[in-house]
Every structure is written in structure tokens, then in C-alpha cells.
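Number of protein chains: 2
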Amino acid sequence: MNANTRPVTADSLADSMHALGRAARAAAGVLARCSAAQRDQVLADAAAALRARRADILEANALDLEAADRNAIAPAMRDRLLLDEARVEAIAVALEQIRALPDPLGHVLADWTRPNGLRIQRVRVPLGVIGIIYESRPNVTADAGALCLKSGNAVILRGGSESWHSSRAIHEALVAALRANDLPEAAIQMVPTPDRAAVGHLLSGLGGTVDVIVPRGGKNLIARVQQDARVPVIGHLEGLCHVYVHAAAEPEMAREVVFNAKMRRTGICGAAETLLIDAACAPTLLPQIAARLQGGGCELRGDDQARALMPGMGVVSEEDWRTEYLDAVLSVRVVAGIDEALAHIREYGSGHTESIITADAAAAERFLGELDSAILLHNASTQFADGGEFGMGAEIGIATGRIHARGPVGVEQLTSFKYVVRGSGQTRP
Amino acid sequence: MNANTRPVTADSLADSMHALGRAARAAAGVLARCSAAQRDQVLADAAAALRARRADILEANALDLEAADRNAIAPAMRDRLLLDEARVEAIAVALEQIRALPDPLGHVLADWTRPNGLRIQRVRVPLGVIGIIYESRPNVTADAGALCLKSGNAVILRGGSESWHSSRAIHEALVAALRANDLPEAAIQMVPTPDRAAVGHLLSGLGGTVDVIVPRGGKNLIARVQQDARVPVIGHLEGLCHVYVHAAAEPEMAREVVFNAKMRRTGICGAAETLLIDAACAPTLLPQIAARLQGGGCELRGDDQARALMPGMGVVSEEDWRTEYLDAVLSVRVVAGIDEALAHIREYGSGHTESIITADAAAAERFLGELDSAILLHNASTQFADGGEFGMGAEIGIATGRIHARGPVGVEQLTSFKYVVRGSGQTRP
Numbered sequence: 005m006n007a008n009t010r011p012v013t014a015d016s017l018a019d020s021m022h023a024l025g026r027a028a029r030a031a032a033g034v035l036a037r038c039s040a041a042q043r044d045q046v047l048a049d050a051a052a053a054l055r056a057r058r059a060d061i062l063e064a065n066a067l068d069l070e071a072a073d074r075n076a077i078a079p080a081m082r083d084r085l086l087l088d089e090a091r092v093e094a095i096a097v098a099l100e101q102i103r104a105l106p107d108p109l110g111h112v113l114a115d116w117t118r119p120n121g122l123r124i125q126r127v128r129v130p131l132g133v134i135g136i137i138y139e140s141r142p143n144v145t146a147d148a149g150a151l152c153l154k155s156g157n158a159v160i161l162r163g164g165s166e167s168w169h170s171s172r173a174i175h176e177a178l179v180a181a182l183r184a185n186d187l188p189e190a191a192i193q194m195v196p197t198p199d200r201a202a203v204g205h206l207l208s209g210l211g212g213t214v215d216v217i218v219p220r221g222g223k224n225l226i227a228r229v230q231q232d233a234r235v236p237v238i239g240h241l242e243g244l245c246h247v248y249v250h251a252a253a254e255p256e257m258a259r260e261v262v263f264n265a266k267m268r269r270t271g272i273c274g275a276a277e278t279l280l281i282d283a284a285c286a287p288t289l290l291p292q293i294a295a296r297l298q299g300g301g302c303e304l305r306g307d308d309q310a311r312a313l314m315p316g317m318g319v320v321s322e323e324d325w326r327t328e329y330l331d332a333v334l335s336v337r338v339v340a341g342i343d344e345a346l347a348h349i350r351e352y353g354s355g356h357t358e359s360i361i362t363a364d365a366a367a368a369e370r371f372l373g374e375l376d377s378a379i380l381l382h383n384a385s386t387q388f389a390d391g392g393e394f395g396m397g398a399e400i401g402i403a404t405g406r407i408h409a410r411g412p413v414g415v416e417q418l419t420s421f422k423y424v425v426r427g428s429g430q431t432r433p
Numbered sequence: 005m006n007a008n009t010r011p012v013t014a015d016s017l018a019d020s021m022h023a024l025g026r027a028a029r030a031a032a033g034v035l036a037r038c039s040a041a042q043r044d045q046v047l048a049d050a051a052a053a054l055r056a057r058r059a060d061i062l063e064a065n066a067l068d069l070e071a072a073d074r075n076a077i078a079p080a081m082r083d084r085l086l087l088d089e090a091r092v093e094a095i096a097v098a099l100e101q102i103r104a105l106p107d108p109l110g111h112v113l114a115d116w117t118r119p120n121g122l123r124i125q126r127v128r129v130p131l132g133v134i135g136i137i138y139e140s141r142p143n144v145t146a147d148a149g150a151l152c153l154k155s156g157n158a159v160i161l162r163g164g165s166e167s168w169h170s171s172r173a174i175h176e177a178l179v180a181a182l183r184a185n186d187l188p189e190a191a192i193q194m195v196p197t198p199d200r201a202a203v204g205h206l207l208s209g210l211g212g213t214v215d216v217i218v219p220r221g222g223k224n225l226i227a228r229v230q231q232d233a234r235v236p237v238i239g240h241l242e243g244l245c246h247v248y249v250h251a252a253a254e255p256e257m258a259r260e261v262v263f264n265a266k267m268r269r270t271g272i273c274g275a276a277e278t279l280l281i282d283a284a285c286a287p288t289l290l291p292q293i294a295a296r297l298q299g300g301g302c303e304l305r306g307d308d309q310a311r312a313l314m315p316g317m318g319v320v321s322e323e324d325w326r327t328e329y330l331d332a333v334l335s336v337r338v339v340a341g342i343d344e345a346l347a348h349i350r351e352y353g354s355g356h357t358e359s360i361i362t363a364d365a366a367a368a369e370r371f372l373g374e375l376d377s378a379i380l381l382h383n384a385s386t387q388f389a390d391g392g393e394f395g396m397g398a399e400i401g402i403a404t405g406r407i408h409a410r411g412p413v414g415v416e417q418l419t420s421f422k423y424v425v426r427g428s429g430q431t432r433p
């Protein structure tokens with residue numbers, strides 16, 4: 005399509021998206037210079053505004069639910085979309101929790117003086133402008149907006165079309181709070197159309213005004229973002245997490261940690277998808293672990309050795325080792341020892357989170373030292389892979405990339421730094 | 005072009021580039037687990053190998069110089085390409101200096117214990133596989149290879165076609181040192197062809213095997229990399245650096261710092277390109293500063309107010325404010341005060357490095373606090389924007405992006421981290 009035949013709407017979408025970017029960049033400059041108290045007050049006011057507008061938000065949500073029902077969306081997706089009084093209250097409480105986090109900005113991260121007398125400080129500053137692309141949950145509008153504001157960043161939100169009305173109603177509450185505190189409304193913007201072409205513009209970086217994109221959603225969204233983004237992306241691909249029960253594992257601990265890692269919540273990225281168990285302990289321990297899992301409704305798919313011990317188990321395929329079930333299904337492999345376990349995780353893992361259960365300190369140190377996932381645990385459930393559980397407060401996601409942020413992405417991970425250098429007239433020889 | 009008509013060579017280039025990526029990924033796993041002593045020994049041996057192979061390297065360089073002369077390349081570019089005994093020695097010394105840096109890996113960056121007893125440590129690890137794309141200087145082959153090795157990363161080097169033979173000869177010395185220490189040769193690989201299509205493959209990330217791209221070169225290279233890369237890029241765009249002489253500047257200091265910032269070396273990214281000077285001090289100070297600069301051979305281009313004070317000065321254009329001269333030329337603007345100076349830098353700066361000269365502490369703090377460049381200086385030359393001057397040792401460049409690395413990129417900036425979590429059977433409630 006050349007310029008002459010391109011519909012006017014495409015041009016005007018491009019224009020309005022670029023205007024969004026410029027406004028965000030200007031707002032980011034203001035946010036970077038405003039006080040933590042100001043940013044915190046906006047968050048407090050936003051929580052109050054959400055409560056005050058609860059009826060409007062539920063009305064908007066009813067429109068989204070009607071459309072969802074017309075389109076016969078899956079029940080799980082409908083549930084993610086649904087708001088009620090308790091859920092609106094939970095969103096407001098989440099804003100207050102983000103407000104209560106320590107200010108991530110301004111900290112001196114390093115401070116040294118050179119032999120020539122120059123004093124150099126590395127000081128934490130906001131990232132700038134963050135683009136967030138997410139799917140159906142309307143609460144992300146508030147969470148993501150609040151996390152960006154807390155860390156002094158302007159944000160451009162692009163929610164899913166399913167949650168369009170709900171997200172806009174929540175967004176209006178945030179903007180009211182910005183306005184009440186004389187901060188630019190463009191600090192938290194929403195893409196003004198559900199048109200999917202808007203995502204492409206956002207991924208282009210809007211003429212250099214967007215510093216980073218954070219996608220929150222399923223595989224297809226992440227894949228598109230990774231493919232099309234012209235700016236850095238902080239995102240997580242899969243959480244194909246492993247629990248390795250070592251020969252020296254304490255049996256009861258192994259049973260409970262494996263059960264928790266798989267079954268506490270099966271749909272989160274920190275849920276275990278594969279159990280590796282040493283051949284030395286499998287004959288006694290695997291039946292106990294399996295009974296606990298099956299008693300909780302978990303389907304097990306094992307390799308030949310596992311099935312020899314537990315004949316009722318399903319057959320695992322090569323593809324299973326690479327599958328993030330996000331469901332009550334667990335792949336099981338009996339391994340000869342730690343070397344085979346490490347090799348399996350290196351081959352099939354997604355670099356998210358892995359746990360070893362053992363009373364053998366040397367085996368634990370090998371596992372923690374030699375593997376290279378974002379999070380490695382000893383004697384603890386993989387379901388601890390979470391910013392809140394790490395003590396970071398709310399998180400915007402778990403990063404599996406290796407650049408900038410890795411593991412839980414909280415307010416501190418949404419910052420950059422600058423160098424401040426104080427001299428007394430030094431010139432470079 | 006569809007698959008049937010695509011020439012075989014394009015497929016085989018893709019295949020060989022992807023093989024490079026897989027080998028690099030495997031080598032990165034070995035490097036991440038080898039000791040600092042091993043990596044340091046490789047660097048010591050590589051310095052020795054460079055010295056032992058000096059004649060071969062100079063012979064290879066002669067081939068590059070012959071081709072350069074046939075193509076009548078610019079004298080400055082020929083000088084960048086030229087090696088002699090002293091330059092080969094300097095490359096070897098640089099390797100030894102990188103060897104002597106502290107090991108960046110394994111450090112515990114943070115360590116805390118949660119109320120449930122989980123102990124969480126953030127531990128520094130290598131980034132993984134780094135792709136480096138550079139232009140004519142053959143010494144980058146050794147520097148970049150050594151910086152990546154020191155930080156435990158595998159590297160894929162893509163040098164300029166002008167320095168093809170020189171870079172290969174230097175690369176062979178590095179590989180000999182890897183081999184002598186039983187480390188995989190694929191830890192430091194060179195793209196095996198000067199074919200420019202190879203760059204496109206590297207920028208694609210080679211099937212997920214490349215973690216980050218670092219471009220070192222001119223504007224066109226950086227622009228192509230930013231446009232085409234499907235993996236994160238750590239690069240610097242322009243160094244459009246400003247010196248602001250505030251009304252309360254000490255005159256002699258202002259004169260010497262401005263002179264040094266512009267004239268010490270005009271071709272580096274930390275060289276000043278624009279002088280902003282307060283109207284209050286310009287009548288007395290600008291003539292002194294200008295005389296010093298013009299005495300050193302610097303051309304000045306001023307706005308109306310500057311030219312009213314110094315009628316001999318050239319006329320500055322709107323485009324000058326946006327031009328990184330990298331030459332003995334300086335734009336000069338007389339400003340009403342700090343607000344106008346800050347506004348000018350926000351409008352025209354590239355976010356690299358700016359300096360304020362003043363004896364007024366409050367003005368300095370506003371400048372350092374409110375601007376958002378990677379490096380902000382008070383009473384010191386912008387030419388200190390350099391990893392060595394910051395005490396980081398050798399640098400691979402100055403990052404102007406805001407993600408991951410910012411400012412000088414040394415070995416520490418070529419690392420990532422992982423979380424190591426030790427428990428006693430904790431399950432998540």
C-alpha cells in the first residue's frame with residue numbers, strides 16, 4: 005500500500021500515537037523532578053477515586069462482560085475479566101500498598117572518589133517512558149499505572165480489547181488523581197483505541213519517545229512483541245520450572261514442596277512443570293510424592309523408569325519436557341544423579357525458576373552455582389518466584405531475559421541511573 | 005525471493021552463522037562455570053601470543069593497508085587501520101590491563117532474609133553471548149574479546165571488512181590462548197566472512213543464542229543496528245555534550261575546562277560541542293574563553309548575543325545545535341540563566357554528558373539533579389566521560405540508552421545476575 009492509497013485512519017492513528025509518545029516524554033520529565041511525596045499522594049488519591057467511582061467501574065465492566073458473553077469467551081477468561089465490589093476494593097488496596105513502598109528514586113547506588121579528586125556517584129533515576137501491553141485483566145491498568153508512577157516513569161497502557169470499558173473507567177480514576185495533584189495527565193495514558201494497529205506503533209517506540217516495552221500476557225503476545233519491538237523489551241517467555249528431588253532429600257519435605265510447587269496454583273509461571281527424581285530414592289519416595297499429587301487431582305506423565313515404579317502413570321513424550329502446562333499435569337523423570345538433572349534442566353528449562361530438594365549441602369551448592377536460571381531455590385517451592393514473596397512489593401512480571409531486569413520486576417527494576425560527578429576544575433590530561 | 009530461487013550461498017551463510025551461535029551458547033555455559041584464574045590465564049597467554057605473532061599480525065595488516073590504498077580510503081581511516089610494533093605492543097598491554105581488573109563475577113549484590121526464613125541472594129553472573137559489530141580499528145578485536153572473556157561471556161565478533169586480515173590474525177592469538185587453557189575456542193569467535201549479510205543474521209539473534217548486541221562505530225552502523233536488531237542493543241548514539249558556564253563561574257577554571265572539554269581530543273564522544281554561557285558573565289568571560297579556543301585552532305559559531313560580544317565569530321544555525329562536530333568547532337549560545345541552559349540541553353542534548361562550571365553550589369545541584377544525561381559534571385571537563393577515567397578499567401563504549409547499562413560500559417556492565425534462594429522446606433501458603 006503506498007502513501008496515496010493508505011486510508012486516512014492509518015495516518016491519523018500514527019499521528020495520535022506519536023502525540024501520545026511526545027506527551028509521555030514531556031510528562032516523564034516532570035515526574036523525574038517531582039517529589040516522592042507528590043507521587044505518593046497521587047496513589048493515595050487514586051485509591052480514593054477508585055472507591056468513589058466503584059459504581060461507574062462496575063457499569064463499565066458490565067459492558068465488557070456483555071460483549072464477552074456475546075463472543076462466548078472461555079470461562080477462565082471471563083473470570084479474569086470480571087470485577088465486583090471486592091475486586092475493585094482489592095485494586096484500591098493494591099494502589100495503597102504500592103504507595104507504601106519505599107521511594108526507589110534518588111538513592112546513591114555507588115560513590116567513589118578518583119585520585120584526581122573527582123567524586124563520582126551513581127544515582128537512581130526513572131527509566132523514562134514505559135509502554136505496557138496487556139491482555140484481559142482490568143486490574144493491570146491500575147497496578148501497572150501505579151508501579152510506573154511510583155518509580156517516576158510515564159506510562160502508555162495498551163489493554164486488551166475485552167477489558168476496554170473496564171480499563172478506561174479505572175484509568176479515569178488514575179487521571180483524576182494526577183489532575184488533583186497538578187501533575188500532567190499524560191503521566192498515565194491509555195491508547196485511545198482498541199485497534200490492534202496501535203500495538204505496532206507502540207512497539208516502534210513512537211519516534212524514540214518510548215524507552216522500554218513490558219508485555220504482560222500469553223505466548224502469542226510475547227512472541228509478537230519480541231519480533232516487532234524496536235525498543236528494549238522486559239518480558240517473560242515461559243516458566244518451565246523444575247523441581248529436582250535429590251537422593252539425600254528429606255522425604256516429607258520433598259513430598260510437600262513438590263506438591264506445593266505444582267498444585268498451590270497451577271496457572272502461574274512459577275508453578276513446577278517437571279519433577280526430576282534420583283533413581284536412588286525414587287523407589288521409596290516417588291510413590292509418596294505421586295500419591296500426594298494424585299490425591300490433589302494432578303495427572304502424572306512419567307518416563308519408563310518412573311512408570312516401572314508407578315504403573316498407573318501416563319507416558320511422557322519429548323514434547324512434554326518442553327511444555328508449560330499451566331495446569332494440574334506434571335512430567336516425571338527418574339535421573340541417575342545430579343549431572344543428569346542439571347543436563348535435563350539446561351536442555352529443557354526456560355531459565356525461569358528451579359528448585360533442588362536435598363539435605364546434602366554440596367549437591368545444593370552445585371545446583372545453585374552451576375545452573376543459570378533467574379531464580380534457583382534450595383529446599384523451597386518454585387511458587388516463591390514472585391516479587392511480593394521476595395519482599396519487593398508488587399511486581400509487573402517476572403523477567404526471563406538477561407538484560408537490565410531478571411526475575412521479579414518491581415519498582416526498583418523500573419529504574420535506571422545516571423552518574424553525577426563533582427570536581428574542582430579538573431581537566432583531562 | 006522464495007525458497008526455491010534463493011541462492012545456496014545465502015542458506016549456507018545462515019547455517020554457518022547459526023552454527024556460530026550454537027557454539028557460542030555452549031561455550032558460554034563453560035565460561036560461566038570456569039574460575040576467574042582460568043579466564044585470567046587466557047588473557048595473560050593471549051598477550052604473550054600477540055607478542056609472539058607480531059610479525060604475522062603486521063603482515064596481515066599490510067594486506068589490509070594495500071587494499072585500503074587501492075580503495076583510496078581517507079587518511080584518518082587509514083591511520084585507524086594501521087598497526088606497527090608499538091601498536092601491537094599496546095594491544096598486548098591492554099589485554100594485561102583487562103586481566104588485572106577485579107573479577108566481576110560471583111559477587112553477592114544483595115542478601116536478605118524473609119520473615120519465613122528464606123534467604124535470598126542476588127549473585128552476579130555473565131550476560132551470556134554478546135555479539136559485537138565494529139568498524140575499522142583492528143585493536144577492538146582484542147579489546148572486545150578480552151572484556152567479554154573477563155566477564156565470562158562468549159562473544160561473536162564482526163569486524164569491518166577493511167581490517168579483515170588484521171582482525172583475523174589478532175583473533176588467532178586469542179584462540180591459541182583459549183586452546184592452551186582447555187577452554188572452548190568458540191568462547192571468542194569471528195564471523196568467518198566479510199559478507200555484510202552476516203551482520204543481518206547476527207542482529208536476528210541467531211535463533212535465540214545471542215543475548216545482546218554491542219555496536220561500536222559511526223552513526224550509520226548504530227542506526228542499522230537499532231533498526232534491525234531483534235535482541236537488546238547496548239550502544240551509544242551521539243555524544244552531543246554541553247558545557248554551561250554559569251554566572252558564578254570562576255573565570256580561569258571556566259576557560260581551562262571549556263578548552264579541555266572541546267580541544268583535548270575533538271574526535272571522541274565526550275568532546276563538548278556546545279558552550280552555553282550566562283549573559284551576566286559573557287561580556288568579560290566569553291572573550292577570554294574564545295581567545296583560548298581560537299588560539300588552539302577552534303572555530304566558533306555563535307548566536308546573535310555571542311557575536312555582539314565577539315564580532316569575528318561565525319553564525320550558528322539551528323542545525324549546529326544538533327550537530328556532533330567531532331572536530332575543532334564549537335557552537336556558542338549566550339543564555340539568560342540556568343533555566344534557559346537546562347531547556348537548551350533538554351531540547352538539543354543527546355543524553356550523553358554535560359558539565360556546569362560554577363562556584364554556586366545551588367546552581368550546580370539544580371544542574372546535576374534536574375538534567376537527565378548519563379553523565380553530569382560540576383567543575384570538570386566532559387572529556388572525563390570514559391570508563392578508564394571512572395576507574396572501571398577498559399570500556400567497550402559509552403551507553404546512551406537507559407536500559408541495563410548507562411555511561412561507560414566496562415566488564416561489570418557486561419554482566420547479569422541470578423537469585424539464589426536457600427530454604428528449609430518452605431511452601432507458599
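Those protein sequence lines, which keep their order, are chains A and B.
Sequential numbering of the first sequence, starting at 5, is according to this note's numbering.
Sequential numbering of the second sequence, starting at 5, is according to this note's numbering.
From the three backbone atoms N, C-alpha and C, an ideal C-beta is built for every residue, glycine too.
Here the structure is a predicted model, which means the values were calculated and not measured.
Quick check on the DSSP output: what are the complete beta strand (DSSP E) runs of length 3 or more inside the region 232-274 of chain B, in order along the chain?
Listed in chain order, they are 245-249.
On the three-state DSSP scale, how would you describe B:Met396?
coil
When the Cα of A:Ala258 is compared with those of A:Ile272, A:Asp282, A:Arg123 and A:Val237, which residue comes out closest?
A:Asp282
I'd like to know whether the C-beta of B:Ile400 is nearer than 9 Å to at least one C-beta of chain A.
no
Are the Cβ atoms of B:Ala201 and B:Leu17 separated by less than 9 Å?
yes
Under a Cβ-count criterion, where at least 16 other Cβ atoms within 10 Å of its own Cβ denotes burial, should B:Gln417 be classed as buried or exposed?
buried
Within 8 Å of chain A by C-beta, residues of the region 129-154 of chain B in sequence order
Val129, Leu131 and Gly132
I want to see whether chain E comes within less than 9 Å of A:Arg183, judged by CB atoms only; does it?
In the structure shown, chain E cannot be found, because the protein chains are A and B.
Between A:Pro130 and A:Leu151, which are expected to be in contact by the criterion C-beta below 8 Å, what is the C-beta distance as a whole number of angstroms?
Actually they do not touch by this definition, with Cβ atoms about 12 Å apart.
Determine, for B:Ile238, whether the minimum Cβ-Cβ distance to residues of chain A falls below 9 Å.
yes
Using a Cβ cut-off of 7 Å, pull out every chain B residue sitting near A:Gly427, in sequence order please.
Leu381, His382, Asn383 and Ala384
What number of angstroms, rounded off, separates the C-alpha of A:Gly209 from the C-alpha of A:Gly132?
12 Å
Examine the Cβ distances between the region 45-62 of chain A and the region 378-390 of chain B and report whether three or more of them are shorter than 8 Å.
no
Hey, is A:Thr431's beta-carbon within less than 9 Å of any beta-carbon in chain B?
yes
Interface residues of chain B facing A:Ser420 [CB-CB closer than 8 Å]
Arg406, Ile407 and Arg410
I'd like the list of long-range same chain contacts for B:Val92, defined as Cβ closer than 8 Å, with 5 residues on each side in sequence excluded.
Leu54, Arg55, Arg58, Ile61 and Leu62
Chain B partners of A:Trp116, CB-CB under 9 Å?
What A:Trp116 touches in chain B: Phe394 and Gly395.
Whose C-beta lies closer than 7 Å to the C-beta of B:Ala80 among residues of the same chain, with five residues either side of it excluded?
none
Just reading off the alpha helix (DSSP H) that A:Gly33 is part of, what are its end residues?
A:Gly33: member of the alpha helix (DSSP H) spanning Val12 to Arg37, first to last residue.
Using a Cβ-Cβ cutoff of 7 Å, what residues of the region 309-328 of chain B are near chain A? List them in chain order.
none
N-terminal and C-terminal residue of the beta strand (DSSP E) that B:Gly135 is part of
Val133 to Tyr138
Name the DSSP bridge partner or partners of A:Pro130?
A:Thr419
At 7 Å on the CB atoms, spell out the chain A contacts of B:Ile124, in chain order.
Here the neighbours are Phe394.
Between the alpha carbons of B:Leu67 and B:His169, how many angstroms are there, rounded?
Taking the straight line from one Cα to the other gives about 7 Å.
In chain order, which continuous runs of the beta strand (DSSP E) of length 3 or greater are located wholly inside the region 307-382 of chain B?
Whole beta strand (DSSP E) segments, 3+ residues: 333-339 and 357-361.
What is the DSSP secondary structure of A:Pro198, reduced to helix, strand or coil?
coil
Counted within 10 angstroms of its Cβ, other Cβ atoms place A:Arg220 as buried (16 or more) or exposed:
By the 10 Å Cβ count, A:Arg220 comes out buried.
Which residues, taken in chain order from the region 187-213 of chain B, show a beta carbon closer than 7 Å to some beta carbon of chain A?
none
Short CB-CB distance (under 9 Å) between B:Ser377 and chain A:
yes
DSSP three-state assignment for B:Val424, whether helix, strand or coil
If DSSP states are grouped into helix, strand and coil, B:Val424 belongs with the strands.
Considering Cα atoms alone, identify which of B:Val216, B:Thr327, B:Gly163 and B:Leu279 is closest to B:Asp232.
B:Val216
Beta-carbon of B:Arg220 versus every beta-carbon of chain A: anything under 9 Å?
no
Measure how close the beta-carbons of A:Arg123 and A:Arg426 come, nearest whole angstrom, since I'm counting them as under 8 Å.
A:Arg123 to A:Arg426, Cβ: 5 Å. Contact.
For B:Arg326 versus B:Gln309, is the C-beta spacing smaller than 9 Å?
no
6 Å Cβ shell around A:Ala435 - same chain, five flanking residues per side excluded:
Outside the shown range of chain A, which is 5 to 433, sits residue 435 of chain A, and nothing can be said about it.
Return the chain-ordered list of same chain residues with a C-beta closer than 8 Å to the C-beta of A:Leu69, the five sequence neighbours on each side being excluded.
Spatial neighbours of A:Leu69 in its own chain (CB-CB distance under 8 Å, excluding positions within 5 residues in sequence) are listed in chain order as Arg82, Leu85 and Leu86.
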